[in-house]
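A.B. asks:
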Amino acid sequence: MLKHGILNPAINSLLSRVRHTNTLVIADRGFPFWPQIETVDISLVDGSPTVLQVFAAIRSNFIIGRAFMAEEFIRNNTKATLAALKKTMAGVPIEFEPHVEFKKRVPRAIGLIRTGDTVQYANMILESA
64 MLKHGILNPA INSLLSRVRH TNTLVIADRG FPFWPQIETV DISLVDGSPT
114 VLQVFAAIRS NFIIGRAFMA EEFIRNNTKA TLAALKKTMA GVPIEFEPHV
164 EFKKRVPRAI GLIRTGDTVQ YANMILESA
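Residue numbers for the sequence shown follow my numbering, so the first one is 64 and each next one is one higher.
1. Roughly how many angstroms lie between the CA atoms of residue 134 and residue 184, to the nearest whole one?
2. What would DSSP say about residue 129, mapped onto helix, strand or coil?
3. Quick check on this structure: which residue in 116, 77, 87 and 166 has the alpha carbon closest to the alpha carbon of residue 181?
4. Could you tell me whether the segment 123-142 touches the segment 97-109, using the rule of 3 or more Cβ pairs below 8 angstroms?
5. Taking 7 angstroms as the limit between beta carbons, can you name the residues of its chain near residue 112, skipping five residues before and five after?
6. CB residue 89 to CB residue 148, shorter than 9 angstroms?
7. Roughly how many whole angstroms lie between the Cα atoms of residue 80 and residue 73?
8. Drop a sphere of 10 angstroms on the beta-carbon of residue 86, count the other beta-carbons inside from all chains shown, and report buried for 16 or more, exposed for fewer.
9. Which residue wins for smallest C-alpha separation from residue 160, given the options 119, 132, 138 and 169?
10. Could you tell me which of 165, 162 and 92 sits nearest to residue 107, measuring between CA atoms?
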């Protein structure tokens, strides 16, 4: 039985299949369903868990080369939300791009973790190093 780290077996399985330059999506509660991508839905209630909480939880077992996010995240969120992103993702290069372009990357992902996050455009695509 696992005693620490990620306890969710579906997320563990998903993470174990990510290889060099593969991508993983962490999405908010309203992100569209992608039938061709394995989705692990861990949404509980509005705001729980958040994208940043999931990122923080998987970071220790996931070698992240860079992250992609929608540039709309910057324009649609408060300075406090932007500061939380910067703090949580310290050391991970983030490439911001139009949301339309961001979504074009999604079909190539190994999988998607859906959260209960309600922060606008909080979705991220993590690329393994």
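All C-beta atoms in this analysis are idealised placements derived from N, C-alpha and C, irrespective of residue type, glycine included.
C.D. replies: Well, looking at it:
1. 8 angstroms
2. strand
3. 116
4. no
5. 105, 178 and 179
6. no
7. 11 angstroms
8. buried
9. 132
10. 92
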